[in-house]
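Numbering-wise (the working numbering), the sequence shown opens with residue 51 and increments by one.
Note that CB positions come from ideal geometry on N, CA and C, so glycine has one too.
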Amino acid sequence: MVAISAAGLLVILLIFLLAGGVTFIAPVIVFLFLLLTVQPTSVTTF
Numbered sequence: 051m052v053a054i055s056a057a058g059l060l061v062i063l064l065i066f067l068l069a070g071g072v073t074f075i076a077p078v079i080v081f082l083f084l085l086l087t088v089q090p091t092s093v094t095t096f
């Protein structure tokens, strides 16, 4: 489940990057990185 969601997030990030939304997706990447590093348990529950 976690691997599938991670792959889906990577695909979404690639789509945003290809669309030219680098400035928009940058804070989202930081937010996801903080979630994965600070709260790994809450992420795995989903």
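Ranking 54, 69 and 63 by CA distance to the CA of residue 81 puts 63 first. Here residue 69 carries a coil assignment [DSSP, helix/strand/coil]. At the C-beta level, residue 66 and residue 74 come within 8 Å of one another.
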